[in-house]
Structure formats: structure tokens, C-alpha cells
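Chemist: Could you have a look at this structure, given as C-alpha cells, before my questions?
In UniProt numbering, the protein residues as written are 1 to 62.
Listed below in C-alpha cells is the structure:
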């Protein structure tokens, strides 16, 4: 698979990966991201606004 261009970044990233990202509050991060994507899909928010809100919410988790 290394010879297939679109697989290369994924294979090279394996050494840095894990089962879940290294967050102290993985569930909180996941909930913010889900809400952001859903708000855009349902038309409740523009992508730029959803990203801004997600950024604000994620900063509260730190």
C-alpha cells in the first residue's frame, strides 16, 4: 500500500496515532465537534460560524 499515493500519509501517521487523540476530555471534544457538524448539516449555522463557536467551546475545555 505504500506505493499508492493516497495511502502514504495514513501509513506514515501510524507511528503517531493511537486509539483516541490525546485529549484530557475526549468526550467533551467529541460532543463539540458533533454539534458543530450537525449545525452546518441542518442549516442552523454557516460553516464559519460553527467553527467559531466550536473554537470557543473547545477553549473552555482546557
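Note that CB positions come from ideal geometry on N, CA and C, so glycine has one too.
Treat the numbers as computed from the prediction; the structure is a model and nothing was measured.
According to DSSP, simplified to helix, strand and coil, what is residue 4?
Modeler: Coil at residue 4, not helix or strand.
Chemist: I'd like to know whether the C-beta atoms of residue 32 and residue 10 end up nearer to each other than 7 Å.
Modeler: no
Chemist: Among residues of its own chain, excluding the 5 on either side of residue 1, which ones have a beta-carbon nearer than 6 Å to its beta-carbon?
Modeler: For residue 1, same chain residues with a beta-carbon under 6 Å away, outside a window of 5 residues either side, are 7 in chain order.
Chemist: Does the distance from the C-beta atom of residue 3 to that of residue 61 stay below 7 Å?
Modeler: Contact: no.
Chemist: Identify, in the order they occur along the chain, each residue of the same chain with its Cβ nearer than 8 Å to the Cβ of residue 54, setting aside the five sequence neighbours on each side.
Modeler: 32, 33, 35 and 36
Chemist: Would you identify the three-state DSSP class for residue 25, choosing helix, strand or coil?
Modeler: coil
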